[in-house]
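For the sequence shown, this note's numbering begins at -2 and goes up steadily by one. Data block below; observations after.
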Amino acid sequence: MAQEQEAVRRGRPPASEQGRRRQQLEISRQAVRLFRARGIADTSGAEIARACGVSERTLWRLFRTKESCVEPLLTQALDGFRAVLRSWPPGVELAEHLRAAYTFVPESSSADMDAVLAVVRMTHDVPALRAVWLVLQEHAEPTIAEVLGPRTGLPAGSPEVRVLAATVNAALRVVTDDFARAAVDGVTPRDIDRHRRRLAETLRAATRVPAPPSGPPRTE
-2 MAQEQEAVRR
8 GRPPASEQGR
18 RRQQLEISRQ
28 AVRLFRARGI
38 ADTSGAEIAR
48 ACGVSERTLW
58 RLFRTKESCV
68 EPLLTQALDG
78 FRAVLRSWPP
88 GVELAEHLRA
98 AYTFVPESSS
108 ADMDAVLAVV
118 RMTHDVPALR
128 AVWLVLQEHA
138 EPTIAEVLGP
148 RTGLPAGSPE
158 VRVLAATVNA
168 ALRVVTDDFA
178 RAAVDGVTPR
188 DIDRHRRRLA
198 ETLRAATRVP
208 APPSGPPRTE
């Protein structure tokens, strides 16, 4: 562990996938700090690499573009939603579960909340960042469908479940965008609770997961 942390600091390739993810997250934090201070157009890949103590070669091995450096931070917001979906107990309405259990980012990532919200705000002004955000959300939909499928009695890959997953995902995106715009001056526990309730209410209004039909799930 200590050797991998030293590798992250010195910019050497980490020895494990966990170390690689840790290095990517640290680069993401530094990139967002520079984007917020200088603007994305005026921040170069070389400056991001220098701020992280890595070579440009290492930076481009880990990220396709400078805009994609925000992916690890944005992923934390999606991880928070996916985690609460996986913990959704049977017999409880999804909206009620979200109201009780959802958090914008996992507790272990709460220190990054302000940076995540800043990136979400920036996606509205920078098309390349918006593309990163939308692609990450699209990649999250199969996980949502896997959770929703058994609740409907339909295969996760069925059109009905995929449309339902897309609706849930769209609700998350819209409510998260609103949360980010309202959080310019920081976030309080009350703001987080309001965001949780808003997401639950939006999902309840947008869709209700029906009770599964009797008999085995359809296969086509």
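Ideal placement from N, C-alpha and C gives every residue a C-beta, glycine not left out. Because the structure is a prediction, the values reported are computed rather than measured.
Coarse secondary structure for residue i, derived from DSSP in three states
i: residue 85; result: coil
i: residue 1; result: The predicted position of residue 1 is uncertain, since its pLDDT is 46 and thus under 50; a value taken from the coordinates is nonetheless stated next. In the structure shown, residue 1 sits in a helix (DSSP, three-state: H, G or I).
i: residue 60; result: coil
i: residue 133; result: helix
i: residue 101; result: coil
i: residue 109; result: helix
Within 8 Å, strictly: CB atoms of residue i and residue j
i: residue 157; j: residue 149; result: yes
i: residue 141; j: residue 82; result: yes
i: residue 196; j: residue 99; result: yes
i: residue 116; j: residue 29; result: yes
i: residue 126; j: residue 120; result: yes
i: residue 101; j: residue 192; result: yes
i: residue 45; j: residue 27; result: yes
i: residue 64; j: residue 129; result: yes
i: residue 164; j: residue 203; result: yes
i: residue 188; j: residue 180; result: yes
i: residue 118; j: residue 178; result: yes
Length of the line joining the Cα atoms of residue i and residue j
i: residue 167; j: residue 15; result: 30 Å
i: residue 123; j: residue 174; result: 14 Å
i: residue 42; j: residue 182; result: 28 Å
i: residue 13; j: residue 19; result: 10 Å
i: residue 176; j: residue 186; result: 13 Å
i: residue 90; j: residue 194; result: 14 Å
Which residue spans inside the stretch 8 to 36 form an unbroken alpha helix (DSSP H) run of at least 4? 14 to 35
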